[in-house]
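So the sequence shown is numbered by the working numbering: it starts at 8 and just counts up by one.
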Amino acid sequence: MMFKAIVLACAIANPELCIEFHDTRGPYETREECKARAMEMSRDVGDDLPYLMPTKWRCQALKEGMLTLWTQSP
C-alpha cells in the first residue's frame with residue numbers, strides 16, 4: 008500500500024478559512040516516509056505563507072493502481 012501526504016492550513020486571521028495542500032512528490036511506501044513528508048510540508052507552509060498556520064496532517068492510503076488524487080481547479 009502507498010500513502011499520500013496531505014496538510015491542512017488555516018488563516019490566522021480567520022481560522023474557518025482553510026486550504027488543503029496535497030503532496031506532489033509522493034506517493035510513499037511507508038507511513039513513516041509519508042509522515043516525514045507531511046512534517047516537511049507543514050514547515051514549508053508556515054515559512055512560505057506566514058498568514059497560514061498548519062493545523063492538521065494525514066497520510067491517505069491509496070488503493071492499488073492509484074498513484075495520486077489530482078484535481079484541477081476551474
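Positions of the beta carbon are idealized from the N, C-alpha and C atoms, including for glycine.
(request) Please state if the CB of ARG44 and the CB of ALA12 are separated by a distance shorter than 7 Å. (result) yes
(message) If the criterion is Cβ atoms closer than 7 Å, does the pair GLU27 and LEU15 meet it?
(response) yes
(message) Using 7 Å as the threshold, is the C-beta distance between PRO34 and LEU56 below it?
(response) no
(message) Can you list, in chain order, the residues of its chain with a C-beta nearer than 7 Å to that of ALA18? Leave out the 5 residues immediately preceding and following it.
(response) LEU24, TYR58 and LEU59
(request) May I ask you to report which of helix, strand or coil DSSP gives LYS42? (result) helix
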